[in-house]
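Data block below; observations after.
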Amino acid sequence: MAQPSHLMANPCAAFEEDLVLMHYGDLTGTELNALQAHVPGCSGCSAYLEELGKLLPLTVKTDEPSQDFWTHYNRELRAKLDDAGAKRSWGEKISELLQVRWVPVFATAAVIALALTFTIGKGIWPSKDNSPEDEAFMEVLPVAENLDFFKSMDVLDDLDLLEFLGNQSNNNA
Amino acid sequence: MKSGDEELVALAQKGDRRAFEELVDRHKQKAYHIAFDFARDREDAKDLSQDAFLKAFMNLKKFDGRSGFYTWFYRILVNVCLDYKRRQKRAPSDEFDETAMKQVEPSHQPAAPIAPDQHVWVGQFSRKVDDALAALPAKQRTAFILKNHQGLSIREIAAMMETAEGTVKVHLHRAVTTLRRSLAEFA
């Protein structure tokens, strides 16, 4: 086991990135050849490689759970999948209703409903804006306006009568 | 991608639950270990890997097969793990989890009993590694864990992270440099 040494290797800056890849075995081709030629003669780079080889594996924490853990894991996941499946089936039903092929049907139904509301419904549903007293006043108002007309007609009748009486007196004379 | 995953995915997409459960059986151990590398806690790793399977199940119909199921699923898993780390950062806990330390020891620990001073050193080192990993930026941590802990190739990591191979190499190098500095006293 490595013990604290407080010493850090000092690799060549130009090769540092490739040295990391070399440590993991991910370096190929010309880069690998160049490094293989360089490292043996460079104490800093070879020390760096050695340090990576010691340090990096120590950062790995492993955990191997028992068979019981996996049995429990499977049971728990199956229950979660059941729940998710039930939620998804509801979601699928709703999304199926909202699919593109249903849009024209919904749009047509909405237009028909609006048309019926504005035509047939107009006479059926009373307006909620006016109170019953207002409604009665609205019915009487045209009649009241006509009263002036009838008064005018009475005046005309009076004029006719005066004219008739005038003519009669002239004839007598 | 393991042979047969495509067939199982196709069956699962048609609603075959058993096919999906077979996929879970194939990938659960690897998924758990990746989640454990991020969480470093058994219960959290279990929940995270299960969440990833659930997300995969819910989104299976969106999987178009352009990448392998393996790459697609592990991308989901890594994102779930990164979300978890982000949430954890928002609600940090200074408490030292003794149970987690007892539950899992670093892989280098020998099977034979170790001396008390070495035991202390192992505990200190383990905590220091946890802190150093947690302090890494998300992309560097992901690249490092997938390479150093899981041994994936640079190409596989790039596919999972949806980035260029060169970018993964840069993330990996920066992560190693930062960790090396953080763990200098143990070098």
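Chain order of the listed sequences is A and L.
Under our numbering, the first sequence has 229 at position 160, and the numbering climbs by one with no breaks.
Under our numbering, the second sequence has 231 at position 159, and the numbering climbs by one with no breaks.
In this text, a Cβ means the ideal position worked out from N, Cα and C, and glycines have one as well.
- Not a single C-beta of chain A is nearer than 8 Å to the C-beta of L/Ile148.
- Between the alpha carbons of A/Glu214 and A/Ala176 lies a distance of about 47 Å.
- For A/Val129 and L/Leu218, the gap between their C-alpha atoms comes out near 11 Å.
- Counting along the chain, A/Asp227 sits inside the alpha helix (DSSP H) bounded by residues Pro201 to Asn241.
- Taking 8 Å as the CB threshold, L/Met232 stays off the interface with chain A.
- Against chain L, the CB of A/Val108 has no partner CB under 8 Å away; the residue lies outside that interface.
- Taking the Cβ atoms as the reference, L/Met130 lies roughly 6 Å from A/Ala153, within the contact range of under 8 Å.
- When L/Phe216, L/Ile229 and L/Lys127 are compared, the shortest CA-CA separation from L/Ser139 is found for L/Ile229.
- Separation of L/Ala107 and A/Ala82 (C-alpha to C-alpha, rounded to the nearest whole angstrom) is 34 Å.
- For L/Met233, the uninterrupted alpha helix (DSSP H) run begins and ends at Ile226 to Met233, by DSSP.
- Contacts between A/Met77 and chain L, judged by CB atoms closer than 9 Å, involve Arg252, Arg253, Ala256 and Ala259 in chain order.
- At least one beta carbon of chain L lies nearer than 8 Å to the beta carbon of A/Leu146.
- Taking a Cβ-Cβ cut-off of 8 Å, the neighbours of A/Glu85 in chain L comprise His245 and Thr249, given in sequence order.
- For the segment 213-238 of chain L, the residues whose beta carbon sits under 9 Å from a beta carbon of chain A are, in order, Phe216, Lys219, Asn220, His221, Gly223, Ser225 and Ile226.
- An exposed status is given to A/Ile181, since fewer than 16 other beta-carbon atoms sit within 10 Å of its beta-carbon.
- Contact annotation for A/Leu150 against chain L: Arg89, Phe92, Glu93, Val96, Phe125, Leu126 and Phe129 [CB-CB distance below 9 Å, chain order].
- For L/Lys133, there is no enclosing alpha helix (DSSP H), since its DSSP letter is neither H nor E.
- By alpha-carbon distance to A/Leu88, the top candidate from L/Leu244, L/Phe197 and L/Ala256 is L/Leu244.
- Among the residues of chain A, those whose CB is under 8 Å from the CB of L/Phe197 are Leu127, following chain order.
- For the C-beta of L/Gln122, the chain A residues within less than 9 Å are, from N- to C-terminus, Tyr142, Glu145, Leu146 and Lys149.
- Within a 10 Å sphere around the beta-carbon of A/Leu225 sit fewer than 16 other beta-carbons, which makes this residue exposed.
- Residues of chain A whose Cβ lies closer than 8 Å to the Cβ of L/Phe145 do not exist, since the nearest Cβ in that chain is about 14 Å away.
- When Cβ pairs closer than 8 Å are counted between the two stretches, the segment 120-128 of chain A is seen to touch the segment 189-208 of chain L, the count reaching three or more.
- Put simply, the CB of A/Pro80 is far from chain L, with every gap to its CB atoms at 8 Å or more.
- Shown here for L/Leu95: same chain residues with a beta carbon closer than 6 Å to its own, the five before and five after excluded, namely Leu80 in chain order.
- If you ignore the 5 residues before and after L/Val240, its C-beta comes within less than 7 Å of the C-beta of Ala215, Ile226, Ile229, Ala230 and Met233, all in its own chain and listed in chain order.
- Below the 7 Å Cβ cutoff, chain A contributes Thr128 as neighbours of L/Val201, in chain order.
- In the three-state DSSP reduction, L/Ala111 falls in the helix class (H, G or I).
- Nearest to A/His107 by alpha-carbon distance, out of A/Phe138, A/Trp171 and A/Met91, is A/Met91.
- Under a criterion of Cβ atoms nearer than 7 Å, the residues of chain L adjacent to A/Leu90 are, in order, Lys241.
- A distance below 8 Å between beta-carbons, with the five flanking residues on each side excluded, links L/Thr143 to the following residues of its chain, in chain order: Met73, Glu228, Ala231 and Met232.
- Neighbours of L/Phe108 in chain A, taken as residues at a C-beta separation under 7 Å, are given in chain order as Asp132.
- Rounded to the nearest angstrom, the gap between the Cα atoms of L/Phe145 and A/Leu118 is 34 Å.
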